[in-house]
């Protein structure tokens, strides 16, 4: 028996398959700007592919990409300044908003890649890994003194958001089954997170594809479109046939004109009659006969 592939779960109890989309999302989050306080001095800015960062002065904050901030923090060359949304009071407000049944969308206080950013910062600061202040280490070893509380709040927010997505999907399915219509309802996913979108995208697309096939709505929806498309094709074919007929008639008319012109050129003209060797030929008959040019 082959073992199931391991699952990835940053926050909450929703396992995510370790596919390429999750890896790409975590990689792209590394370009998010994060403020740090370096413990070294480097007067010249560093030239990176994404741009220049620095200069670095010990004790003075500067903004760098997340991947560089994590690398410097793990080497104890800098301390990370947590983003403003990684605050316990603000996360409690977000959790209160997400639990409100009147709110169908998601809170706008969290960025699109908040889960990836928070996971990277908490791991780099050793706040959520059990080796920092929450795991028996010194409090000065972590820039986030209430890291455990922040981690729990992020887990609760992720769980509530996934429940909201499931309710929205259930509501959407109920609306389609109760009121069959060509105009389909939509799900409001404004301010959805990156990992949340990857967690439900494959399920939602596949489930609704099967739903349309089983209910036969895909064929019902496609018939009017196909008839309209067929009428457009017929009109286009008729126009093309008409243009081909017009072109053929014009070609025949042009050919007939050329033939008449050739015939006109071959008609005899009242000029001097010249033999094939260039000699003049005098016709027989009346004395007032005209001389013409012979055409072979």
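Numbering (full-length UniProt numbering), first residue to last: 1 to 296.
Just so you know, even glycine gets a beta-carbon here, dropped at the ideal spot from N, CA and C.
Exercise for review: Would you check if the segment 29 to 49 and the segment 60 to 79 touch, i.e. whether three or more CB-CB distances between them fall below 8 Å?
Suggested key: Cβ pair count under 8 Å is three or more, so yes.
Check your understanding: Exposed or buried, which one is residue 59 when buried takes at least 16 other CB atoms within 10 Å?
Key -> Translated into the one-based positions of the chain shown, residue 59 becomes position 59. Exposed, because fewer than 16 other Cβ atoms sit within 10 Å of the Cβ of residue 59.
Check your understanding: CB-CB under 6 Å to residue 206, same chain, minus the five flanking residues each way: which ones, in chain order?
Key -> Here the question's residue 206 lines up with position 206 in the chain shown. Result list for residue 206: empty, nothing under 6 Å.
Check your understanding: Do you know offhand how far residue 108's Cα is from residue 191's?
Key -> Start at 1 with the first residue of the chain shown, and residue 108 comes out as number 108. Start at 1 with the first residue of the chain shown, and residue 191 comes out as number 191. Between the alpha carbons of residue 108 and residue 191 lies a gap of roughly 6 Å.
Review point. Going by beta carbon distance, what residues of the same chain come within less than 7 Å of residue 88, once the five residues before and after it are set aside?
Key: Numbered from 1 along the chain shown, position 88 holds the residue referred to as residue 88. In chain order, 146, 149, 150, 153 place their CB closer than 7 Å to the CB of residue 88, counting only its own chain and leaving out the 5 sequence neighbours on each side.
Point to revise | Distance, residue 163 Cα to residue 41 Cα | key: Counting from 1 along the chain shown, the entry for residue 41 is found at position 41. Counting from 1 along the chain shown, the entry for residue 163 is found at position 163. Going from the Cα of residue 41 to the Cα of residue 163 covers about 48 Å.
Check your understanding: Just the Cα atoms here: how many angstroms apart are residue 46 and residue 73?
Key -> Working through the chain shown from its first residue, we reach residue 46 at position 46. Working through the chain shown from its first residue, we reach residue 73 at position 73. Each residue's Cα considered, the two are about 17 Å apart.
Review point. To which residues does DSSP link residue 48 through a beta bridge?
Key: Here residue 48 corresponds to residue number 48 of the chain shown, with the count starting at 1. Looking at the DSSP assignment, residue 48 forms a beta bridge with 51.
Review point. Rounded to the nearest angstrom, how far is the Cβ of residue 144 from that of residue 82, given a contact under 8 Å?
Key: The sequence position of residue 144 within the chain shown is 144, counting from 1. The sequence position of residue 82 within the chain shown is 82, counting from 1. Your pair residue 144 and residue 82 checks out as a contact, with CB atoms roughly 6 Å apart and the cut at 8 Å.
Review point. Can you tell me whether DSSP reads residue 76 as helix, strand or coil?
Key: Along the chain shown, read from residue 1 onward, the residue named residue 76 stands at position 76. In the three-state scheme derived from DSSP, where H, G and I count as helix and E and B as strand, residue 76 is classed as coil.
Point to revise | Rounded separation between residue 95 and residue 157 - CA only | key: For the purposes of this step, residue 95 is identified with residue 95 of the chain shown, where counting begins at 1. For the purposes of this step, residue 157 is identified with residue 157 of the chain shown, where counting begins at 1. Using only the alpha carbons, I get a separation of about 5 Å.
Exercise for review: Closer than 8 Å by C-beta to residue 188: which residues in its own chain qualify, once you throw out the five before and the five after it? Chain order, please.
Suggested key: Within the chain shown, residue 188 is the residue found at index 188, counting from 1. The answer, listed in chain order, is 104, 105, 168.
**Study point:** residue 121, enclosing alpha helix (DSSP H) - first and last residue
**Key:** Here residue 121 refers to the residue found at position 121 of the chain shown. Looking at the DSSP string, the run of the alpha helix (DSSP H) that includes residue 121 is 114 to 124.
Exercise for review: Sort 61, 161, 124, 112 by Cα distance to residue 85 and report the nearest one.
Suggested key: Position 85 of the chain shown, counting from 1, holds the residue named residue 85. The residue with the shortest Cα to Cα distance from residue 85 is 112.
Practice item. Have a look at the DSSP bridge pairing and note the partners of residue 64. Key: The residue given as residue 64 occupies position 64 in the chain shown. Residue 64 pairs with 34.
Review point. For residue 20, does the three-state DSSP call read helix, strand or coil?
Key: Numbered from 1 along the chain shown, position 20 holds the residue referred to as residue 20. Correct three-state label for residue 20: helix.
Check your understanding: Cβ atoms of residue 44 and residue 55: under 8 Å apart, would you say?
Key -> Reading the chain shown from its first residue, position 55 is the one you call residue 55. Reading the chain shown from its first residue, position 44 is the one you call residue 44. Yes, the Cβ-Cβ distance between residue 55 and residue 44 is below 8 Å.
Check your understanding: Start and end of the alpha helix (DSSP H) containing residue 146?
Key -> The count along the chain shown starts at 1 and reaches residue 146 at position 146. No alpha helix (DSSP H) contains residue 146, which DSSP labels as neither H nor E.
Practice item. Output the distance between the C-alpha atoms of residue 30 and residue 101, rounded to the nearest integer angstrom. Key: Here residue 30 is taken as the residue at index 30 of the chain shown, counted from 1. Here residue 101 is taken as the residue at index 101 of the chain shown, counted from 1. Cα to Cα, the separation comes out at about 34 Å.
Exercise for review: With DSSP as the reference, label residue 40 as helix, strand or coil.
Suggested key: Taking the chain shown and counting its residues from 1, one reaches residue 40 at position 40. Reduced to three states, the DSSP call for residue 40 is coil.
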